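Accompanying notes for the structure given below.
There are 2 protein chains.
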Amino acid sequence: MVNIKEVAKAAGVSASTVSRALTGKIPVSEDARIRVMAAVEKMNYQPNAFAQGLKGGRIQTIGLVIPNVRSLVFPAAIRGIEDTAGQHGYTVVLCNTDENIEKERFYIENLRRRLIDGFIFSTARPGHEYLLDLPSEGVPVVFMIRQLGKSINTVVLDNEGGAYEATRYMLSRGLKKIALINGSLELPLYRHRYEGYLRALQEAGAVEPADMVVHGISGWDDGYQVMKELLEKRHRPDAVFATSDPKAMGIIRAIRDIGLRVPQDISVMGFDNLDFSSQIDPPLTTVAQPFYEMGVRACRRLIQMIEKGQNSRPKVEVLSAQLVIRKSVI
Amino acid sequence: MVNIKEVAKAAGVSASTVSRALTGKIPVSEDARIRVMAAVEKMNYQPNAFAQGLKGGRIQTIGLVIPNVRSLVFPAAIRGIEDTAGQHGYTVVLCNTDENIEKERFYIENLRRRLIDGFIFSTARPGHEYLLDLPSEGVPVVFMIRQLGKSINTVVLDNEGGAYEATRYMLSRGLKKIALINGSLELPLYRHRYEGYLRALQEAGAVEPADMVVHGISGWDDGYQVMKELLEKRHRPDAVFATSDPKAMGIIRAIRDIGLRVPQDISVMGFDNLDFSSQIDPPLTTVAQPFYEMGVRACRRLIQMIEKGQNSRPKVEVLSAQLVIRKSVI
DNA sequence: ACTAATTGTGCAAACGATTGCAGAAACGAT
DNA sequence: ATCGTTTCTGCAATCGTTTGCACAATTAGT
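Line by line, the protein sequences are chains A and B.
For the first sequence, the positions run 831 to 1160 when the working numbering is used.
For the second sequence, the positions run 831 to 1160 when the working numbering is used.
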C-alpha cells in the first residue's frame, strides 16, 4: 500500500506538506495543495490508520456494546448508528455481551487498548455502575435505550408516556380489567412503563388489579408461561398490556391455547413495534419505539463528544413513543 | 497507559526482552521471563495495538460484511462468529451494506487501511465478482451463507437437500399441488432450493405446476402480495412452499385474508427457522438452518487462514439442513 | 586450557503519520 | 537598501512495538 512519502515524491513536496494539505489545519500554498491532491487521487492514497492512531490522533472508530444481536430491538438501532457513523467517516465495532458482565469488561479492555474513540452502551443496568467511571478516564460514552443515572449522555424513549398512552387507549375502548405483564423492575425502562400504566389507571379512577400485575417477564416463552398460569387461576382480564412485543406474542399464544380469541375475548397491547409485529395474527396494536432515530441521535452525540470534547453537562434525551393501532385491541 | 519501556524498567531488562518474553517466539531466560510476567501482571500492561499493527503484525480484528442486520437470518450467525472470534482473542467489526455495492466498497477500503486481518462476507452475489480478487491481494476471505464460485473458502447450507426434504415431506402428507414462492434465482441458494423442490417432485412422478411457481420474492410484504394475486387468479394449491420464513408469514396472512385456513385449506412450509417461527400462529413447519454453527465454522476457517496462511485449496463447506415439523403443514 | 558452538541480551532501526521548530522566500513599510 | 512581517516549507523528533544484528556470557568439545 502506498504511503505518504511516495505521494510526497510524486507531488514534488515533503511528507509534511502532504500531511498538512490533507488535514487542512495548517495552510499550504494553493499550488502545492493542487499537486498533492492530484497525486493522492492518482495513487489512491489512504493514510495508514495505525500510524495516525499511534501518533495520538483519532482512529474514527466507535464501540457499540449491546446485550444481544438476536434480540429484535437492537438491530434497528444498530442501523441508525451505522448509517450515522458512516456519514461521518467512522466505523462501528459491534460487541455482544449476553448480559454478561465479564464479557462486557473483556470488550472494554480489549477495545480500549485499540484506543477506540468512544462507546455507545445499551447494556447499562444496576450492577454495571463501573461504566459511569469511563468518562473520567477520558473515554467518551453515550447510553442508548437503557439508562443508568443522569451523569452520562443518554438517549432513551419516553417509556412512561408511551405506557400511559397505551393504557389510556385501552381504557377508552371500554376495557376495564387490564392486566400488566412487565419486564424486570431493575431496568428503569420497565419501571417507567409500569408508572405510565398506573398513572393512566389512576386518572381514570381505576385501581391496579394487583393479582394481575406481573414483573420480571422476559421473552415469548416466559410470556406464554405466565399467561397460562394467570388463566389457569381463573383470572380473566379484559386486556393484557405486554411491555414488549415478544411477550405479547407468547401471551396471544397462551390465550388461544385455551380456546379464547384475541381481541374478541381478551385484547393484547404490545410495546416496541418490532418489524414482525404487523405480520402476526392478529396484527399487533403496540407502542412504537423510534429505534433507528435513537441510534442516529446516540451516534451524533457521541461523535460530537469525540470531536468537540465533552464541554456541556450531560443530557438525557427523551424521544417520544407513538401508539400504533392495529387489531389486537378491540 | 503504561508502555513497554516502563515494564522493562520495572523488570530490570530491556524493552526487547519484554517483547520477546511476551510473544514467546524467541527464547528468553527463565529468570527474565518470570520477572517480566510479574511486572506485566502488576502494571496491567496491554501492548498498544496501533504500534503492533504499524509494525506489520496482526491486529486481531476481522471484518464481517452483511447485507442487513435487520434481516433476521444474520444476527444468529453473527453470534456464532462473535463467540468464536472472542475465544481466539479477535474482535469483530460489523458492516452493513444494504445490498449496496458502493457501501460495500467503502467498507472494504476503509477497513483495509486499518489492515484488518481478514473478512467474512455474506454479501456475495453476481455483480460482486471483485470480491474474488481480494485473496490475491493477500487478504484472507471467507464467504458465509451466500456463495459465489468455488475459488473462495465458503460455508453454506445444503439448500438443495433442505428443499428436497421439505418437498418430500409435503408429498408424503398427501399434498399434491405444491406451489413454490421463491427468492431471486440470481442467488445460488434460491436456485438450489428450486432444484431440490424439482427433484422431489420428479421422483414422485409429479410435475411442476408452472403457473404456481414464482421467483424473485423477498420478505413478507412481497410474499403477501404474490399470494394474494395467486389466489385471486383462482389458483388454489394444496400447499405453498415458501423459501424463507418471512415470505411464509406474508403468505399465511394472504391466505387468511380471503377466509381460508392454514393448514386445513392450504398448508404452508417455510425455510430458515427464524427465532419467531415457533411463536406465530400456526407454529411454522420449516427447514432449519444452523446459523450459529455456520458462523462458528466460517470464523474458525478465517482465523486458521489468518494464522496458518492459505495453504490448502479453497473448500466449500456444506452444512445440512433439518426439517422442523410444527403445525403449518397438515 | 583454548577454541567452537550455543544461548541470551541490548542497541538501534524500522513501521507511517503528525507537528514544533527554524529557516527560506516573498512582500511591504520605512 | 534595510528591516520586519508574513507565509510557507522541510527537517527531525515522536508515538510504542518488533526484530536483525552484534556482542557478551555461558556451555560443550577436543
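In this text, a Cβ means the ideal position worked out from N, Cα and C, and glycines have one as well.
Quick caveat: nothing in here was measured; it's all calculated off a predicted structure.
Each residue's CA atom was taken as its position, placing A/Glu1016 and A/Pro956 some 7 Å apart. In terms of beta-carbon proximity, B/Leu1090 stays away from the interface with chain A, with every pair separated by 8 Å or more. By the rule that beta-carbons nearer than 8 Å mark a contact, B/Leu1019 does not touch chain A. Sequence-ordered contacts of the stretch 1085-1113 of chain A with chain B read Arg1086, Asp1105, Phe1106, Gln1109, Ile1110, Asp1111 [C-beta pairs closer than 8 Å].
Of all alpha-carbon atoms in A/Thr984, A/Pro1113, A/Glu1062, A/Pro1039, the one lying nearest the alpha-carbon of A/Lys1007 is that of A/Pro1039. Residues of the stretch 896-920 of chain A with a Cβ closer than 9 Å to any Cβ of chain B, in chain order: Asn898, Val899, Arg900, Ser901, Leu902, Phe904, Pro905, Ala906, Ile908, Arg909, Glu912, Asp913, Gly916, Gly919. Under the DSSP assignment, A/Glu1147 falls in the beta strand (DSSP E) whose first and last residues are 1146-1149.
In this chain, A/Phe1101 is not harboured by any beta strand (DSSP E), its DSSP state being neither H nor E.
In this structure, the beta-carbon distance from B/Ile892 to B/Tyr920 falls below 8 Å. For B/Arg1083, at least one C-beta of chain A is nearer than 8 Å to its own C-beta.
Look at the beta carbons and you see the stretch 1017-1031 of chain A not touching the stretch 1128-1144 of chain A: under three pairs across the two are nearer than 8 Å. Using a C-beta cut-off of 8 Å, the stretch 1066-1084 of chain B makes contact with the stretch 1095-1105 of chain B, since at least three inter-stretch Cβ pairs fall below that distance.
At a cut-off of 8 Å, the C-beta of A/Phe880 has a neighbouring C-beta in chain B.
B/Leu884 and B/Tyr875 have their alpha carbons spaced roughly 19 Å apart.
With respect to the 8 Å criterion, B/Ile856 and B/Ala845 are not classified as neighbours on the basis of their beta carbons. With contacts defined as CB atoms closer than 8 Å, B/Leu941 and B/His958 fail to qualify as a contacting pair.
Annotated as proximal: A/Asp988 and A/Leu1149, with beta-carbon spacing under 8 Å.
Of all residues in the stretch 931-948 of chain B, only Lys933, Phe936, Tyr937, Glu939, Asn940, Leu941, Arg942, Arg943, Arg944, Leu945 come within less than 9 Å of chain A when Cβ atoms are compared, listed by chain position. For the pair A/Val899 and A/Ile1011, the Cα-to-Cα distance works out to about 24 Å. B/Met974 has a beta carbon lying at 8 Å or more from every beta carbon in chain A. Judged by beta-carbon spacing, B/Ile975 lies within the 8 Å limit of B/Met1124, meaning their Cβ atoms are closer than that value. DSSP lists B/Ile1011 as the bridge partner or partners of B/Val1044. For A/Val866, no CB of chain B lies under 8 Å from its own CB, so it is not counted at the interface with that chain. Taking every protein chain shown into account, the CB of B/Ser1142 has fewer than 16 other CB atoms within 10 angstroms, so this residue is exposed. Following the DSSP letters along the chain, one finds B/Ala1128 inside the alpha helix (DSSP H) bounded by residues 1121-1138. Not one beta carbon of chain B lies nearer than 8 Å to the beta carbon of A/Leu1149. The beta carbon of B/Leu884 falls within 8 Å of a beta carbon belonging to chain A, placing the residue at that interface. Taking the C-beta atoms as reference points, A/Val1117 is found nearer than 8 Å to A/Ala1151. Within the stretch 911-991 of chain B, the complete beta strand (DSSP E) runs of at least 3 residues fall at 921-926, 948-951, 971-974, 983-987. Residues of the stretch 1055-1086 of chain A with a C-beta atom less than 9 Å from some C-beta of chain B are Pro1076, Met1079, Gly1080, Ile1082, Arg1083, Arg1086, listed in chain order.
Straight through space, the alpha carbons of A/Tyr1020 and A/Ser1158 are spaced by roughly 21 Å. Residues Met1079 of the same chain have their beta carbon placed closer than 7 Å to that of A/Ile1110, with the five preceding and five following residues left out of the count.
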